[in-house]
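Here's the structure we're looking at; comments come further down.
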């Protein structure tokens, strides 16, 4: 891809909040962070960290392990149903139940190293990154996934 990234990159929002990104890289007009969340993190912490990046004009995308994706999905589904659907399950479903403002995918940490996301889709890490760069990795149908 020809992109140079930095690991454990430090930054600060305009209000002075500090952050440390697992991986940070820039392309013309965009600064992008990839957070590799290996351990449990409460939904409020995901949201707080996402907001901190947004306040710094940084796009943040999350990769989590399977067990964390399931736990996070339960929490985001509850919030999504309450906030966006008045606690009524919509007829069309809610996809993975992830939030439009929190781009999260599951990283298969076994042999394949595939990124798994909504719509029963999967991709290599490089294909997923290409989707972020070209705008095909989007929130649609209640899930973050790569478009066709």
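In the UniProt record's numbering, the protein residues as written are 1 to 148.
We put the beta carbon where it would ideally sit given N, CA and C, even for glycine.
Is residue 145 helix, strand or coil when you go by DSSP? Note: residue 145 maps to strand in three-state DSSP.
Going along the chain, which residues of its own chain have a beta-carbon closer than 6 Å to the beta-carbon of residue 43, five neighbours each way excluded? 75
Cross-strand partners of residue 105 (DSSP beta bridge): Looking at the DSSP assignment, residue 105 forms a beta bridge with 63.
Within the continuous beta strand (DSSP E) that includes residue 30, where are the two ends? 30-37
Selected residue, minimal CA-CA separation from residue 82, among 71, 99, 69, 119: 99
Should residue 11 and residue 23 be called a contact, given that it needs their Cβ atoms to be closer than 8 Å? No, the pair does not count as a contact, with Cβ atoms beyond the cut-off.
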